[in-house]
Amino acid sequence: MARIFRIMTAALVPLSTSDSRGRGYLVFPPAGGTLRAFDPLAGAADADVRGVEYPGHGERLAESPASAVEELAAQSAAAMPTAWFSRSVTIGFGMGAFVALETAQRLGVSPRALIVVDACAPQRRSPDKNAKAGASAMARVFGRTGLTPVAGYRDSPESWEYALDLLLGDLQLLNAYRGPARTQLSCPVAAIRGTDDPASASGDDATGGWRVWTSGPFVGRVVPGGYLGVLDSGREAEFWARIRRLEAAFVAAEPEVA
1 MARIFRIMTA ALVPLSTSDS RGRGYLVFPP AGGTLRAFDP LAGAADADVR GVEYPGHGER
61 LAESPASAVE ELAAQSAAAM PTAWFSRSVT IGFGMGAFVA LETAQRLGVS PRALIVVDAC
121 APQRRSPDKN AKAGASAMAR VFGRTGLTPV AGYRDSPESW EYALDLLLGD LQLLNAYRGP
181 ARTQLSCPVA AIRGTDDPAS ASGDDATGGW RVWTSGPFVG RVVPGGYLGV LDSGREAEFW
241 ARIRRLEAAF VAAEPEVA
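Residues in the sequence shown are numbered from 1 upward in steps of one, following the UniProt record's numbering.
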């Protein structure tokens, strides 16, 4: 029983702390990602930032990888303090957007807001799109700094192979994933996509489709860059400025209480 407890709590990892009150952020990595890639971003947040480390990734490398996106969400929900989750702005990158939504549905609680980055709305997905893509094709599309689980991977064949193994394994989960239950959240939702993201070729139809997943305010944003370009080194302050503008937009969109 003790071993199960350690595995579950290991899923939720503190990335940064701050004296700034009222701000808490929870990040879910993309396919192939680990929390190590989020260290620079979390360090620039001036806020409490926590992240979910998937089994078989990063600090949980010794554990068996999940067999389904739903399993990732179930483990994340089991490790999540519900009260803290309800106060956090949850940010899901790529595959992490689906894990975040599934986690909220399992908890039965909405976060303070959900922000999805470069993730097609679940009902607009083509699950088998990458089913036949090999490592070389995925490396061309996804071989970005923001996705790499190992620093310096370009100079290390072993690290690059490790990164691609994680990516291809997660893409298999995505190919098999048929989407979440049609249950709306009550919190604000924002969807961000890069102008040059090949996964968003269908444009606003893919991003704006997230609107149906909340009964609260929705904001869609198109930003410069490719897939997960918001994670490029040197853009950390820009990223958090954008997130806080979204938070301000949410507040402005809330109905007045009589």
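For glycine and all other residues, C-beta sits at the position ideal for the given N, C-alpha and C.
Boundaries of the beta strand (DSSP E) in which residue i is found, first to last residue
i      : result
THR90  : 89 to 93
PRO40  : Segment 39 to 43 is the alpha helix (DSSP H) holding PRO40; no beta strand (DSSP E) there.
PRO55  : Where PRO55 is concerned, there is no enclosing beta strand (DSSP E), given that its DSSP letter is neither H nor E.
SER16  : 12 to 16
ALA113 : 113 to 117
GLY24  : 24 to 28
Segment limits, alpha helix (DSSP H) that includes residue i
i     : result
VAL69 : 69 to 79
Among the options, nearest to residue i - alpha-carbon criterion
i      : options                         : result
SER233 : ASP197, GLN172, THR17 and ASP39 : ASP39
PRO81  : LEU61, GLY92 and ALA104         : ALA104
GLY96  : LEU231, LEU41 and PRO30         : PRO30
VAL49  : SER64, SER67 and ARG23          : ARG23
ALA66  : SER76, ALA119, ALA113 and PRO55 : PRO55
GLU236 : ALA45, LEU185, TYR25 and THR34  : ALA45
GLN184 : GLY32, ALA68, TYR227 and LEU114 : LEU114
VAL109 : LEU35, ALA77, ARG245 and PHE239 : ALA77
GLY58  : ALA163, ALA74 and TYR25         : ALA163
TRP84  : GLN75, TYR25 and VAL69          : TYR25
VAL13  : ARG193, SER64 and ALA79         : ALA79
Expected contact under 8 Å - CB spacing of residue i and residue j to nearest Å
i     : j      : result
VAL27 : ILE91  : 5 Å
SER88 : ARG112 : 6 Å
PHE93 : GLY33  : 7 Å
- Which runs of the alpha helix (DSSP H) fall wholly inside the stretch 170 to 258 and span at least 4 residues, in chain order? Correct list: 204 to 207 and 236 to 253.
- Count the C-beta pairs between the stretch 206 to 221 and the stretch 168 to 175 that are closer than 8 Å, then say yes if the count reaches three, no if not. no
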